[in-house]
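For the sequence shown, my numbering assigns the number 2 to the initial residue and increments by one for each residue that follows.
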Amino acid sequence: MSRTMGFTPEVYKLIFWDFDGVIKDSVPLKTAAFDQLFQDYDDDVRKYVREYHLLHGGVSRHIKIPHYFRTLLDQELSEEENFEYCQRYADSVIEGVIACPWIEGAREFLNSNPHGQQHIIVTGTPQNEIEHILKAIDLESLFSRVFGAPHAKPEVLAQILAEMKMEPEKCLMIGDSMTDHDAAVENRVPFLLRENEENQEHFAFFDGPKVSNFLHWLF
Numbered sequence: 002m003s004r005t006m007g008f009t010p011e012v013y014k015l016i017f018w019d020f021d022g023v024i025k026d027s028v029p030l031k032t033a034a035f036d037q038l039f040q041d042y043d044d045d046v047r048k049y050v051r052e053y054h055l056l057h058g059g060v061s062r063h064i065k066i067p068h069y070f071r072t073l074l075d076q077e078l079s080e081e082e083n084f085e086y087c088q089r090y091a092d093s094v095i096e097g098v099i100a101c102p103w104i105e106g107a108r109e110f111l112n113s114n115p116h117g118q119q120h121i122i123v124t125g126t127p128q129n130e131i132e133h134i135l136k137a138i139d140l141e142s143l144f145s146r147v148f149g150a151p152h153a154k155p156e157v158l159a160q161i162l163a164e165m166k167m168e169p170e171k172c173l174m175i176g177d178s179m180t181d182h183d184a185a186v187e188n189r190v191p192f193l194l195r196e197n198e199e200n201q202e203h204f205a206f207f208d209g210p211k212v213s214n215f216l217h218w219l220f
């Protein structure tokens with residue numbers, strides 16, 4: 002499933018990491034949680050919810066949930082209703098994310114940091130939640146910066162490149178969704194796809210480097 006011929010991570014000074022589906026194998030858990038929110042609706046609604054989530058993996062739930070109600074049910078949620086749905090979602094996933102399996106090699110690579118690179122998290126998970134999760138899984142100290150929602154990924158990459166006066170080609174974005182890919186392309190940052198069964202169809206067009214895990218980075 003990997004295509005990394007000629008790809009060497011050590012040439013990059015800074016690596017932007019998505020979290021779900023890149024460091025932790027948490028995408029199926031979160032997909033199921035979105036599906037559960039709409040369990041009382043018909044199969045077409047639930048199918049759209051699942052597929053949209055997989056395609057837009059890095060988009061905050063605070064944006065996705067109102068989108069689902071607006072697009073599928075012609076209903077505008079109040080701020081209070083959106084908060085309630087988001088809280089129900091959070092309650093069902095946070096501990097699951099902490100406990101779920103790692104993407105093979107990710108934790109070991111980050112802990113060893115063999116090339117002395119700087120690592121930054123850029124995720125659609127809310128800021129307070131990703132900080133809690135990283136602390137719980139002992140990764141908090143391995144990232145120089147952590148950006149969760151409401152920070153948008155394209156803006157985060159642009160901000161860091163400007164602050165650090167970093168050339169885009171010296172950075173790498175690792176992600177598993179079109180949101181990650183588009184943020185990288187918008188900022189001219191090389192993109193590495195963490196490929197899985199769910200995103201293969203969406204990335205049929207992509208001819209850049211792909212990995213299914215990071216075990217080969219440990220040698």
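We treat Cβ as the ideally placed atom computed from N, Cα and C, and that holds for glycine.
How many angstroms separate the CA atom of Phe84 from the CA atom of His63?
The residue given as residue 84 occupies position 83 in the sequence shown. The residue given as residue 63 occupies position 62 in the sequence shown. Looking at the two C-alpha atoms, the distance is approximately 8 angstroms.
Glu195 (DSSP reduced to helix, strand or coil):
Here residue 195 corresponds to residue number 194 of the sequence shown, with the count starting at 1. This sequence places Arg at residue 195; Glu is not what is there. Arg195: strand per DSSP, three-state reduction.
Segment contact flag, the region 198-216 with the region 100-110, C-beta cutoff 8 angstroms, min 3 pairs
yes
Does the beta-carbon distance from Asn188 to Leu162 come in below 8 angstroms?
As a first step, residue 188 must be located in the sequence shown, where it is residue number 187. As a first step, residue 162 must be located in the sequence shown, where it is residue number 161. Yes. Within cutoff.
By the DSSP assignment, the beta strand (DSSP E) with Val147 in it spans what residues?
The count along the sequence shown starts at 1 and reaches residue 147 at position 146. Taken as a continuous stretch (DSSP letters only), the beta strand (DSSP E) holding Val147 covers Arg146 to Ala150.
Rounding to the nearest angstrom, what Cα-Cα distance links Leu53 and Ile16 in this structure?
Taking the first residue of the sequence shown as 1, we reach residue 53 at position 52. Taking the first residue of the sequence shown as 1, we reach residue 16 at position 15. Here the sequence assigns Tyr to residue 53, which means Leu is not the residue at that position. Approximately 26 angstroms, taken between the alpha carbons.
Classify Lys14 as helix, strand or coil using the three-state DSSP reduction.
Locating residue 14 in the sequence shown gives position 13, counting from the first residue. Correct three-state label for Lys14: coil.
Can you say whether Leu193 is buried or exposed, counting buried as having 16 or more other CB atoms within 10 angstroms of its CB?
Reading the sequence shown from its first residue, position 192 is the one you call residue 193. So Leu193 ends up on the buried side.
I'd like to know if the region 151-162 and the region 34-41 are in contact, where contact means that at least 3 CB-CB pairs between them fall below 8 angstroms.
no
Can you give the Cα-Cα distance for Gly59 and Phe204, rounded to whole angstroms?
Start at 1 with the first residue of the sequence shown, and residue 59 comes out as number 58. Start at 1 with the first residue of the sequence shown, and residue 204 comes out as number 203. One C-alpha to the other measures close to 15 angstroms.
Mind listing, in chain order, the continuous alpha helix (DSSP H) runs of no fewer than 4 residues lying wholly within the region 59-144?
62-74, 80-100, 107-113 and 128-137
Using alpha carbons as the reference points, say which of Asp208, Ile175, Pro191 and Tyr42 lies closest to Asp19.
Indexing the sequence shown from 1 puts residue 19 at position 18. Checking every option, the nearest Cα to that of Asp19 belongs to Ile175.
Do Leu56 and Met179 have their CB atoms nearer than 8 angstroms?
Taking the first residue of the sequence shown as position 1, residue 56 is located at position 55. Taking the first residue of the sequence shown as position 1, residue 179 is located at position 178. Yes. Within cutoff.
How long is the line joining the alpha carbons of His120 and Ser145, rounded to whole angstroms?
Here the question's residue 120 lines up with position 119 in the sequence shown. Here the question's residue 145 lines up with position 144 in the sequence shown. Near 6 angstroms, if we compare the C-alpha coordinates of Ser145 and His120.
So, does the CB of Gly209 fall closer than 8 angstroms to a CB anywhere in chain C?
Among the chains of the structure shown, chain C does not appear; only one protein chain is present.
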